[in-house]
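Asker:
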């Protein structure tokens, strides 16, 4: 197993650009490379699989199907919430993104889909659900993780705490 290729349990630094529908949605340009711990689900599965075996300096274009990205669009992932459950001072408008705590106490991403007279329809689909993702990635560095990173299952960047 070569230390110069992307394998599980390595910290990979990559430069990337993401396109959806021909538009650049996200890029590491100007922010420095993204670091992730390979094999721990830090990045979407479709991209992680494709990067295995890449060497430092390798560039690749990857197209990720929805199932391997942010999931298929779920027609059932909608919920009608009585308008009175929203704070009075909140401006409720279509397209507004919010975080809703579920019964499990976890915060879930939701977007206001429709505003009715007495109820608000929330869409819990990830904004990129059902979308094909196109990535251009370049591996710029590889290193072994620290024990702490392996224990936590993600990268600890200097001065950055989760």
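In my numbering, the protein residues as written are -12 to 149.
All C-beta atoms, glycine included, are put in the ideal place defined by N, C-alpha and C.
(1) Quick check on DSSP: helix, strand or coil for residue 139?
(2) Taking residue 160 as part of the alpha helix (DSSP H), name the residues at either end of that continuous run.
(3) Between which two residues does the beta strand (DSSP E) holding residue 99 run?
(4) Looking at residue 60: is its Cβ nearer than 8 Å to the Cβ of residue 117?
(5) Whose C-beta lies closer than 8 Å to the C-beta of residue 65 among residues of the same chain, with five residues either side of it excluded?
(6) Taking just the CA atoms, how far does residue 29 sit from residue 19?
(7) By a C-beta neighbour count over all protein chains shown, 10 Å radius and 16 as the cutoff for buried, is residue 87 buried or exposed?
(8) Based on the DSSP secondary-structure assignment, which residues constitute the bridge partners of residue 128?
Answerer: From the atom records:
(1) helix
(2) No answer is possible for residue 160: the residues shown for the chain start at -12 and end at 149.
(3) Note, residue 99: beta strand (DSSP E), 94 to 102.
(4) Taking 8 Å as the Cβ cut-off, residue 60 and residue 117 qualify as a contacting pair.
(5) 100, 108, 109, 110 and 111
(6) 17 Å
(7) exposed
(8) 0
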